[in-house]
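Sequences listed follow chains A and B, in order. One rule links them: number in our numbering = place in the first sequence (from 1) + 883. One rule links them: number in our numbering = place in the second sequence (from 1) + 2. Here the structure comes first, spelled out in structure tokens, and everything after it is commentary.
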Amino acid sequence: MLAETAHFALAIALGLSLVQMVIPVWGVRRNDVALARVGEPAAIAVFILLAFAFGVLMHAYAVSDFSIRNVAENSHSAKPFIYKLTGTWGNHEGSMLLWVLILALFGALVAFSRKSLPDRLRAGTLAAQASVTVAFLLFILFTSNPFDRLNPAPPEGNDLNPILQDLGLAIHPPLLYIGYVGFSITYAFAVAALIDGRIDAVWARAVRPWTLCAWLFLTLGISMGSYWAYYELGWGGWWFWDPVENASLMPWLAGTALIHSTIVMEKRDALKVWTILLAILTFSLSLLGTFLVRSGVLTSVHTFATDPSRGLFILVILMVFIGGSLALFAWRAPLLRQGGLFAPVSREGALVVNNLFLAAACGAVFIGTLYPLALEGLTGAKISVGPPFFNATFLPLLVPLLLLLPFGQSMAWKRGDLLGTAQRLAAAVGVGLVAAVTILALTRGGPVAAPLGIGLGVFLVASAFWDLGERIVGRASGLGAIWSRAAGLPRSAYGTALAHAGVGVTVIGIAATAWATEDIAIMKPGDRLERGGSAIVMQQVFPRTGPNYRELVGRFTVEIDGRPRGTIDSMKRTFITRNNMQTTEAGIRTFGFSQLYVSLGEIQPDGSVGVRMYTKPLMLLIWLGSVIMALGGALSITDRRFRVAAPARARQPAPGPTPQPAE
Amino acid sequence: MPHLLAILLLALLPMTSARAVTPQERLPDAAMEQRARQISAGLRCLVCQNQSIDDSEAPLARDLRVLVRDRLKAGDSNGQVIDFVVARYGEYVLLKPPFGLHTALLWIGPALIFMAGAFGLWRLRRRQASAGLGRGLDDAEQAELERILEKR
Chain A
884 MLAETAHFAL AIALGLSLVQ MVIPVWGVRR NDVALARVGE PAAIAVFILL AFAFGVLMHA
944 YAVSDFSIRN VAENSHSAKP FIYKLTGTWG NHEGSMLLWV LILALFGALV AFSRKSLPDR
1004 LRAGTLAAQA SVTVAFLLFI LFTSNPFDRL NPAPPEGNDL NPILQDLGLA IHPPLLYIGY
1064 VGFSITYAFA VAALIDGRID AVWARAVRPW TLCAWLFLTL GISMGSYWAY YELGWGGWWF
1124 WDPVENASLM PWLAGTALIH STIVMEKRDA LKVWTILLAI LTFSLSLLGT FLVRSGVLTS
1184 VHTFATDPSR GLFILVILMV FIGGSLALFA WRAPLLRQGG LFAPVSREGA LVVNNLFLAA
1244 ACGAVFIGTL YPLALEGLTG AKISVGPPFF NATFLPLLVP LLLLLPFGQS MAWKRGDLLG
1304 TAQRLAAAVG VGLVAAVTIL ALTRGGPVAA PLGIGLGVFL VASAFWDLGE RIVGRASGLG
1364 AIWSRAAGLP RSAYGTALAH AGVGVTVIGI AATAWATEDI AIMKPGDRLE RGGSAIVMQQ
1424 VFPRTGPNYR ELVGRFTVEI DGRPRGTIDS MKRTFITRNN MQTTEAGIRT FGFSQLYVSL
1484 GEIQPDGSVG VRMYTKPLML LIWLGSVIMA LGGALSITDR RFRVAAPARA RQPAPGPTPQ
1544 PAE
Chain B
3 MPHLLAILLL ALLPMTSARA VTPQERLPDA AMEQRARQIS AGLRCLVCQN QSIDDSEAPL
63 ARDLRVLVRD RLKAGDSNGQ VIDFVVARYG EYVLLKPPFG LHTALLWIGP ALIFMAGAFG
123 LWRLRRRQAS AGLGRGLDDA EQAELERILE KR
């Protein structure tokens, strides 16, 4: 009964979304405030209804209600409780429900943000947001009903794919979806502005916290997904240029460009047309990602053609929203007047260059991901586009961007001075060079890319903080002056420095992967495997039983530079509930930022086991850097200027020219 | 979702996930083994989702790894080994698509986007400059400005 109620709740939510989509626009047209405000309660109600439906599905998973097809196909009564809960979104239907739930959550948040948004913009944004909700609720109701019943109910479920029975499933998809779907808000803002025909710095300021929020969650989502793949897939790779990964990287690149272009717009009232286009493109790429992953088109163009119901539905959604918004853009964008001016060599100019590189990098990923599909669809020729392609096209666009980044960050607004900026950065350049040369000398004969990459990363970190330090210390004299300057600097300045330093940290981690080692051996208890200063000695191999699996455990003692440093357990699991499918649970020990990674291979006839040992120096920095980036984004959101009321509703006279925050 | 699905798709395929090369497959000659690894990393496992034969435990990938090593032992150069595999399995096996008429747009596309963007920016700049937006004040305007400032 509960499931039917939840299904009904989805239908009501669909109806209310239609109301939310249509009535406010009409209200704005007729200048009827009451009608224009209908979107707010509607958005909140839609969220409550979807939260209820999602809660019901989760409950069904928690109590293993196998009369619901979705639960029976994806769960098992013996599965650990936490994985029963996370299994709610470990399947197509559940994950789409999570998708619209987050969509509705953002709608409700916009409805609540009365203070920071002008009324017309809020009404238009809620309406545009509702149109996306309508489309995806239709998709769920018509092709992916999570509350479908089975009669008779099977006594036991099929269990969740073992690889998904991991904490990663609890963390990665929700973070990623908040990021993906969060960009629907910037999209809605852009569409509302286009319909309204008005866009200015107020728009940029209103949209910025939302963009930052979506961006930081997407950053975390991608990075946690990368870490999950790293430890779960058992060979220590962290990025595979897989189409599904690219599907999340593209909106990230576009979103990164967007958070930088809105700065120029907020500051100088310039780049309006481009910013609007970026806002549309970013969410379009999110939709494209959803289409790529959900339609099955990636496995083969032909599977898509033979079972097109879901894929075709999303394709139509994709075309309506991307095509519609781009058409709207082509029609209305010429109305937008360009604003302030700036010299090519200036902070604004640097941000334009940033956008050029990010857009081209995004284009490279886009082409590499979709070209094989298009080629096969058009000519039938099959080609593979793998990591070598992306390394050859993406990196040449990324490295110059990273090299230029510090110059942009410390360039003056409006009219900059290249030579002066270079002089101010001299110290950071020096630190980076010293780091690179020192490491190069210490690791002579090793890979050259690693020291150079680390030098670049050190340069990025050093310049991020050097610039910040200079603005705090500057020409100030005395501790008190420094303190008051530090307190007076806007939070977004700290956020920028932190985020850019995070990029540097990630770069260091990536560069260090060139030093990673791999050793393969067949071991029996007592055997020793050694590389550099790290060694493992196999103690024993024994079977163990878990709630829904059996596993073979290899226990190793670890020695670092001759000293014992505890043990590592590395497992090979067999899921009896799922056709004896096997997974590798790598044993990982962390030393500082470096890791020792041991995974079990095949068991030999004589009882010995294939063992792979990887040393991964500074590996954790890759993900740590992205967490620092996200923290920088979070710090920027808390900046004072986003918390004050929208200018139209200012309650007191502006307290003089506020010191302009510098991003 | 992306990784989730990557993992899911990988999981559906007939293999477990640990990296592939087994100790038995390895060549005694370390330099030659290094070459084999290099070649393998660029060859696609044909039954997998976006994995190289170096990463895949699928039986077909293992056969290909052994084939690569056999060719190397027979004295082939890296290029000859790759040509041999391509002749057998087609271009699809190469993770780095060769440059050709059908892949021209793929390879120069990213550079085209970058150059088109750069060109657009340059044009915009020039238009602004010729519209008098980018230049400084001329003498008459400067005099006018000073006159206004003096009046204050």
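Built from N, CA and C at the ideal position, the CB exists for glycine as well. Quick caveat: nothing in here was measured; it's all calculated off a predicted structure.
Beta-carbon separation of Gly1065 of chain A and Phe1100 of chain A under 9 Å? Taking the first sequence and counting its residues from 1, one reaches residue 1065 of chain A at position 182. Taking the first sequence and counting its residues from 1, one reaches residue 1100 of chain A at position 217. Contact flag set, yes.
Going by beta carbon distance, what residues of the same chain come within less than 6 Å of Ser1346 of chain A, once the five residues before and after it are set aside? Here the question's residue 1346 of chain A lines up with position 463 in the first sequence. So the qualifying residues of the chain are Pro1289, Leu1308 and Ala1311.
Could you tell me whether the Cβ atoms of Phe1476 of chain A and Leu1501 of chain A are closer together than 9 Å? The sequence position of residue 1476 of chain A within the first sequence is 593, counting from 1. The sequence position of residue 1501 of chain A within the first sequence is 618, counting from 1. Contact: yes.
Pick out whichever of A:Gly1108, A:Val1176 and A:Phe1225 has its Cα sitting closest to the Cα of Trp1122 of chain A. As a first step, residue 1122 of chain A is located in the first sequence; it is residue number 239 there, counting from the start. Checking every option, the nearest Cα to that of Trp1122 of chain A belongs to A:Gly1108.
Within the segment 1378–1465 of chain A, note down every full beta strand (DSSP E) run reaching 3 residues or more, in order along the chain. 1400–1406, 1411–1414, 1417–1428, 1433–1443 and 1446–1458
Scan the segment 892–903 of chain A for residues whose Cβ lies nearer than 9 Å to a Cβ of chain B and list them as they occur along the chain. none
Residues of the segment 1386–1408 of chain A with Cβ closer than 8 Å to any Cβ of chain B, in chain order: Glu1401, Ile1403, Ala1404 and Ile1405
CA-to-CA distance, Arg1298 of chain A to Leu1362 of chain A, given in whole angstroms: Here residue 1362 of chain A refers to the residue found at position 479 of the first sequence. Here residue 1298 of chain A refers to the residue found at position 415 of the first sequence. For Leu1362 of chain A and Arg1298 of chain A, the distance between alpha carbons rounds to 31 Å.
Is it a yes or a no for the segment 967–983 of chain A touching the segment 1047–1063 of chain A, going by three-plus beta-carbon pairs under 8 Å? yes
Nearest-angstrom Cα separation, counted from Leu1239 of chain A out to Gly119 of chain B: Taking the second sequence and counting its residues from 1, one reaches residue 119 of chain B at position 117. Taking the first sequence and counting its residues from 1, one reaches residue 1239 of chain A at position 356. So the two alpha carbons sit approximately 6 Å from each other.
Would you mind sorting Glu1434 of chain A into buried or exposed? The rule is 16 or more other CB atoms within 10 Å of its CB. Position 551 of the first sequence, counted from the start, is the residue given in the question as residue 1434 of chain A. Label assigned to Glu1434 of chain A: buried.
Exposure label - Trp124 of chain B; buried when at least 16 CB within 10 Å: For this step, residue 124 of chain B is matched to residue 122 along the second sequence. So Trp124 of chain B ends up on the exposed side.
Can you pull the DSSP bridge partners for Met1294 of chain A? Here residue 1294 of chain A refers to the residue found at position 411 when the first sequence is read from its first residue. Bridge partners of Met1294 of chain A: none, in fact.
Would you call the segment 1159–1178 of chain A and the segment 1056–1074 of chain A touching, i.e. three or more CB-CB distances under 8 Å? yes
Are any of the Cβ atoms in chain A nearer than 9 Å to that of Phe86 of chain B? Mapped onto the second sequence, residue 86 of chain B falls at position 84. No, Phe86 of chain B lies away from the interface with chain A (no Cβ there is under 9 Å from its Cβ).
Give the interface partners of Ile1377 of chain A over in chain B, defined as CB-CB distance under 7 Å, in chain order. The sequence position of residue 1377 of chain A within the first sequence is 494, counting from 1. The displayed chain sequence assigns Tyr, not Ile, to residue 1377 of chain A. Ordered by position in chain B, no residue passes the 7 Å Cβ test against Tyr1377 of chain A, which lies about 30 Å from the chain.
Below-9 Å beta-carbon distance, Ala120 of chain B vs any chain A residue: As a first step, residue 120 of chain B must be located in the second sequence, where it is residue number 118. True, the Cβ-Cβ gap to chain A drops below 9 Å.
Would you mind sorting Ala56 of chain B into buried or exposed? The rule is 16 or more other CB atoms within 10 Å of its CB. Here residue 56 of chain B corresponds to residue number 54 of the second sequence, with the count starting at 1. It should be noted that the sequence gives Asp, not Ala, for residue 56 of chain B. Asp56 of chain B is buried by the Cβ-count criterion.
As a quick exercise: from A:Val902, A:Glu956, A:Gly1263 and A:Thr1026, pick the residue whose alpha carbon is nearest that of Gly1007 of chain A. Position 124 of the first sequence, counted from the first residue, corresponds to residue 1007 of chain A. Nearest of A:Val902, A:Glu956, A:Gly1263 and A:Thr1026 to Gly1007 of chain A, Cα basis: A:Val902.
Please confirm if Pro1217 of chain A has its CB atom under 9 Å from at least one CB of chain B. Position 334 of the first sequence holds residue 1217 of chain A. Chain B, which has no Cβ nearer than 9 Å to the Cβ of Pro1217 of chain A, makes this no.
Out of A:Gly910, A:Val1282, A:Val954 and A:Leu980, state which residue places its alpha-carbon closest to the alpha-carbon of Phe930 of chain A. Reading the first sequence from its first residue, position 47 is the one you call residue 930 of chain A. Cα-wise, what sits closest to Phe930 of chain A is A:Leu980.
Any Cβ of chain A within less than 9 Å of the Cβ of Ala32 of chain B? Residue 32 of chain B sits at position 30 when you count from the first residue of the second sequence. For Ala32 of chain B, the answer is no, since every Cβ of chain A falls outside 9 Å of its Cβ.
Excluding the five sequence neighbours on either side, which residues of its own chain have a C-beta within less than 7 Å of the C-beta of His1143 of chain A, listed in chain order? Against the first sequence, residue 1143 of chain A aligns to sequence position 260. The beta carbon of His1143 of chain A sits closer than 7 Å to the beta carbons of Leu1234, Asn1237 and Asn1238 from its chain, once the five residues preceding and following it are set aside; these are given in chain order.
For Ala1226 of chain A, I'd like the list of residues in its chain whose CB is within less than 6 Å of its CB, leaving aside the five on either flank, ordered along the chain. As a position in the first sequence, residue 1226 of chain A is number 343, starting the count at 1. Arg1298, listed in sequence order.
Below 6 Å CB to CB, which residues in the same chain sit around Ala1076 of chain A once its five sequence neighbours on both sides are set aside? Taking the first sequence and counting its residues from 1, one reaches residue 1076 of chain A at position 193. Hits under 6 Å: Ile1082 and Trp1086.
Tell me which residue opens and which closes the alpha helix (DSSP H) that Phe1072 of chain A is part of. On the first sequence, position 189 is the one that residue 1072 of chain A refers to. Here the alpha helix (DSSP H) through Phe1072 of chain A covers Leu1050 to Asp1079.
Does any residue of chain B have a CB that is nearer than 9 Å to the CB of Trp1124 of chain A? For the purposes of this step, residue 1124 of chain A is identified with residue 241 of the first sequence, where counting begins at 1. Yes - at least one Cβ of chain B is within 9 Å of the one on Trp1124 of chain A.
Using the three-state DSSP reduction, which class does Ala892 of chain A fall into: helix, strand or coil? Within the first sequence, the letter at position 9 stands for residue 892 of chain A. Helix.
What is the DSSP secondary structure of Val1085 of chain A, reduced to helix, strand or coil? One-based indexing of the first sequence puts residue 1085 of chain A at position 202. Assigned with DSSP and collapsed to three states, Val1085 of chain A falls in helix.
Quick check on the DSSP output: the beta strand (DSSP E) that includes Gly1499 of chain A runs from which residue to which? As a working note, residue 1499 of chain A is residue 616 in the first sequence. According to the sequence as given, residue 1499 of chain A is Lys; it is not Gly. Counting along the chain, Lys1499 of chain A sits inside the beta strand (DSSP E) bounded by residues Val1492 to Lys1499.
What three-state label does DSSP hand Gln144 of chain B in the structure shown? One-based indexing of the second sequence puts residue 144 of chain B at position 142. DSSP places Gln144 of chain B in helix when its eight states are reduced to three.
Return the chain-ordered list of same chain residues with a C-beta closer than 7 Å to the C-beta of Val921 of chain A, the five sequence neighbours on each side being excluded. Reading the first sequence from its first residue, position 38 is the one you call residue 921 of chain A. The answer, listed in chain order, is Val902, Ile906, Pro907 and Gly910.
How far does the beta strand (DSSP E) with Phe1273 of chain A in it extend, from its first residue to its last? Looking up residue 1273 of chain A in the first sequence gives position 390. In the DSSP assignment, Phe1273 of chain A falls outside any beta strand (DSSP E) and within the unbroken alpha helix (DSSP H) covering Pro1270 to Thr1276.
Asp65 of chain B versus chain A: which residues are under 9 Å apart at the beta carbon? The residue you call residue 65 of chain B lines up with position 63 of the second sequence. Taking a Cβ-Cβ threshold of 9 Å, none of the residues of chain A is close to Asp65 of chain B; the smallest such distance is about 16 Å.
Local conformation of Glu1468 of chain A per DSSP, three classes: Taking the first sequence and counting its residues from 1, the one referred to as residue 1468 of chain A is at position 585. Correct three-state label for Glu1468 of chain A: strand.
Segments assigned alpha helix (DSSP H), at least 4 residues, entirely inside the segment 28–115 of chain B: If we require 4 residues or more, the alpha helix (DSSP H) runs fully inside the segment 28–115 of chain B come out as 32–43, 61–75 and 80–91.
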